Structure formats: C-alpha cells, structure tokens
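If you read the protein sequences in the order shown, they are chains A and B.
Counted from 1, the first sequence has number 91 at position 91 by the working numbering; the numbering is strictly sequential.
Counted from 1, the second sequence has number 165 at position 165 by the working numbering; the numbering is strictly sequential.
Virtual Cβ for every residue (Gly too), placed ideally from N, Cα, C.
It should be emphasised that the depicted structure is a prediction, and the values quoted were computed from it without experimental measurement.
2 protein chains.
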Amino acid sequence: MSDNLQMNMDEEYLPLRDVVFNTLRQAILTGEMKPGERLMEIHLANKLGVSRTPIREAIRKLELEGLVIMIPRRGAEVAQITWKNLKDVLEVRRALDVLAIELACERMEREELDRLYQACEYFKKATESQDARVIAEADVDLHDIIVKATRNNRLIQLVNNLSEQMYRYRFEYIKDKTQHSRLVREHYEMHEAICAKDKEKAAIAVRKHIDNQEEAIIKQLQLEKDSYKN
Amino acid sequence: MSDNLQMNMDEEYLPLRDVVFNTLRQAILTGEMKPGERLMEIHLANKLGVSRTPIREAIRKLELEGLVIMIPRRGAEVAQITWKNLKDVLEVRRALDVLAIELACERMEREELDRLYQACEYFKKATESQDARVIAEADVDLHDIIVKATRNNRLIQLVNNLSEQMYRYRFEYIKDKTQHSRLVREHYEMHEAICAKDKEKAAIAVRKHIDNQEEAIIKQLQLEKDSYKN
DNA sequence: TTGTACTAAATTTTATACAATCTGAAACTA
DNA sequence: TAGTTTCAGATTGTATAAAATTTAGTACAA
C-alpha cells in the first residue's frame, strides 16, 4: 500500500469510525489497497493518526459490505475479487438495474426527466473531454438520477453498493474510447424509454448496458491475468 | 426489552462480537426488542456479561444491515419498520426471488430437485401439524433449496437478509390457516416449473407467492395500527 | 537437510479508563 | 407563567492497557 492515505476531515462532524470507514473503502475501491493485503490495526492507526478503536469499528462495517474478509484472530484483509464473484455481482446488479429503470418509468417526474436529459448531454460532452475521471463521474451522476427516481431507499442502497464493488474495473472500461459512442447512445435510449414509460424498451436498454460492461470487465480481467500470470 | 437475553455460547469459537451480533439480531427479528428501543452499551454489556467493545462492534454491523439506526452521540436504536420501508423491501425481494428461481431453472440438479420435492411434501405435512414454528421452518428450508441452487453467493446473502427483515410478520402470516392450502399448492407449482425449466411459469409462481405475503403483512400491519392507534 | 520443540514477537481480542457531548431538570429571569 | 441558563448525570466517542492467540524464528536432534 502506498503510504500516503489521507483522511477527509473537513466534514462538520463525523465519528472517526465513519471517516476511517470512508477512507479505507475509498482506498480499496480505487485499488490503492490491493486484494489480499492485510489491514493491520496498529499500522492503520498510526498512519491515520487515530487509536485502534475507530479502526476496528470501520473494519467491521467493511466486512459486512464484503470489501474485506475476516479471519478470526488473524485479522482482516482486502477481499479477493474472483471471476466468479464478479459474475455473481453482475448477475444481481442486472436484475436490480432492470427493476430500477422499470420503477423509474412509473415514478420519474417531469423535472427529473429534464435533469436526466441534461445528464445525458453532459455525459456526451464528458466523453469528448477524454478525462476518465470526469467521464466516470458523469456516468455515476446519470445513473444516480435513475436509481433515485425509484423512491425505493433499499434499492438505492443496494444498487450503489453493488456498483461500487467494481469501480476499479469500470474505471479502466471507461478509458476505452471505442465504447464512448455506444455508451452515449445507450444513455439516450434509456432516457427515451423512461419518457415513453416503456418498461420493456427500458429494460432491454439497461440489460445491454450491463452486458457491455460485463464484457469489458471480463476482457480487462483477462488482461490482468495474462500479465500477472496468476 | 425483556431482561433475559441469552447468548448462545456452545459454538466452538466465535469472537464475542459475532455472538453479540447474532444475539441482538435475533432479539430484534423476533420482536423481543421493539422498534424505537435504544441499545445502550453499558446496559447491554452488563446484561450479556461482556465489555462494551464487542457490543459496539456488533452494533456497527447491525447498523449496516439496517436493523438499527445510529444517531451520532446519542447511540443506536432499533429501526422503525414503516409501511414504506416494508414495501421497499418487498419490491426488491420480488425482483431477487424472481431472479433466483429463474437461475434455479437453469442450474438446479437432479438431486436438488428431489430434495425440493421432499421439502414440498414436508411442508404439506407441516401445515397439518398446526405448529407455526414447524411450518415456518419448513418454509424457510424449502426456499433455501431454491436460492442455493442459484450458485450465486451474493444473491443468496441478499435474499436471506431481505427475508429476515420481515420474519416477525411472516410468523403471523403463517398462523393463518386459510392460506395453507394455497401455499402448499404454490410450492408444488414452483417445483413443477423448475423441473420443466420453464422460467416464465416459475417467475409467475414466485410473484404470486410474494404478492400473497405482501397482502398478508399489510393486513397484519393494519391490525397493529388499529390496536395501538399510532 | 529436514523435522520438531520451544521461545519471542506480533497481532487480535477484550476490558477499562478518560474525554466530549448530550439530556433533562432545577434555578433563575422577564 | 413562559422562556432561558446552568449544571449534574448519563451516554457515547476515543484511547490505552491487559489477556489470549497466532506467527515466525531459532536451536537442536535425526
């Protein structure tokens, strides 16, 4: 792990455990902490300048999110991402994203539809910028609008969690310029389908969207496998 | 809360935090701890005969499961179950149960199909026993066979979690004898559909199953509302 | 060289101590 | 009386200490 973890302290008040939780989660999702790497309490406590208690509590939450696995009396380590695991996540995510867009068809209001359209436009512009971080953020914002329109907090939470599980791969995926026009098109398709309240068309569009993502991630994983030979 | 929480200590080794976690979760799901009730650390620590540390770590996990909500510097309390919240959970569960049975159609093996049939028969016998606990257990076993057949660990975990969220209502639901024959029939329908690998028929059957459950739970909630006038 | 027993170091697990914050009631003011 | 202030007690948040366990290293015998 690179030795420059930094905590974001400028929130008005958050218990340290939550600050630590966010910090570690971020480090894991961005790949700064590699799968298999151990999370040692004293080490982390020193690095982040807090005591071990908040570290431990943060790890408990990461454990339940599936980002780290615990081995009793040995400690926690960053969860390995296996191919199987990823396929499982995507399988579930596909179903939930379909549900989300179907509900969005029913429940999205005019004002949100407008914002969704703006987000589509903004995403298009973002792809032209060639800056992967900007593109990724625009993508997240767009999908967020759809998911929030479901008005279903449980669904929102689950979809967000599942999406996060593969952030690091999506990042690589989004760098692939050849996909950009397709992504832009699919976003517009989704917007159209929701406007028309056409659930079937919407479902088909999201499925395609996720299928593409899955394919890209698998390709990505294949590359890593080849280069690291594990 | 009744003052006789008991921890299950006979496992070979589980960290105290996990024992506490299971104990508290059980207490919440069975209704022994009522929504809105505060979880005070010292109190719980004394009652369970451990220090505050494992209590705190258990609460962190309950928090992420949505069973308790945290108010900073005020502590945790058992999450209120609102109507909205229940509808949200059921909405997601419906989608995931459909996914599960569809995958089961693809992946269930001969031996599991046999066990599923046995579970159907056993459930039928259980309804005759009139013992709600026996019936509930038979029902859980049956659905477990289907969900496990998906081979998708993430899905298994999520469905189990969502099911648990309404254990206390299902319990009342299952006492309603007029529903029994319908439940038995629906179970056989599911088994048949999976045998035939007929995803559509299977999906329809589960949806009906959950719709019934939803209706019954809503009725139940209505009753409580009337009797407590809140 | 390999295998085993023993010891020391590292690490997690649990308990306790201290600090910060909140709550609620009594005292006080207008 | 209504509203504010103050303060004690309760409770959470954080840090540190003690206990239990695992890991790793070393010495010694086969």
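- Contact annotation: the region 158–171 of chain A touches the region 86–99 of chain A, with at least three C-beta pairs closer than 8 Å.
- Leu39/B carries a strand assignment under DSSP once its states are collapsed to helix, strand and coil.
- At a cut-off of 8 Å, the C-beta of Arg154/B has a neighbouring C-beta in chain A.
- Within 10 angstroms of the beta-carbon of Thr127/A lie 16 or more other beta-carbons, which makes it buried.
- Of the candidates Val140/B, Leu116/B, Val134/B, Leu116/B places its Cα closest to the Cα of Glu189/B.
- Contact note: Ala95/B reaches chain A through Ala95, Leu96, Leu99, using a C-beta cutoff of 7 Å and chain order.
- Asn152/B is classed as buried because its beta carbon has at least 16 other beta carbons within 10 Å across all chains shown.
- Selection Leu24/B, Phe123/B, Ala119/B evaluated against Ala76/B yields Leu24/B as nearest (Cα-Cα).
- With a threshold of 8 Å between beta carbons, Leu64/B makes contact with chain A.
- Sequence-distant Cβ neighbours of Glu214/A in its own chain, meaning closer than 7 Å and more than five residues away, are Leu90.
- Close partners of Asp176/B in chain A (Cβ separation under 7 Å) are lacking, with about 26 Å as the shortest Cβ gap.
- Close partners of Pro72/A in chain B (Cβ separation under 9 Å): Tyr13, Leu14, Pro15, Asp18.
- Taking C-beta separations shorter than 6 Å and ignoring five residues to either side along the sequence, the partners of Glu172/B in its chain run Gln220, following chain order.
- A straight line joining the alpha-carbon of Asp131/B with that of Leu183/B spans about 15 Å.
- When C-alpha distances from Ala149/B are compared across Ile101/B, Lys177/B, Glu192/B, the shortest belongs to Ile101/B.
- Contact between Ala136/A and Arg170/A holds, since their C-beta atoms are separated by about 7 Å, short of 8 Å.
- Under the DSSP assignment, Met190/A falls in the alpha helix (DSSP H) whose first and last residues are 180–195.
- Here the C-alpha atom of Lys208/A lies approximately 19 Å from the C-alpha atom of Asn160/A.
- For Glu57/B, at least one C-beta of chain A is nearer than 8 Å to its own C-beta.
- Under the 10 Å beta carbon count, Ala119/B is surrounded by 16 or more other beta carbons and is classified as buried.
- Bounds of the beta strand (DSSP E) holding Ile69/A are 68–71.
- Within the region 52–105 of chain A, the beta strand (DSSP E) runs of at least 3 residues that lie entirely inside it are, in chain order, 68–71, 75–78.
- Glu106/B counts as exposed, since fewer than 16 other C-beta atoms from the protein chains shown sit within 10 angstroms of its C-beta.
- Secondary structure note for Asn152/B: it is in no alpha helix (DSSP H), with a DSSP letter that is neither H nor E.
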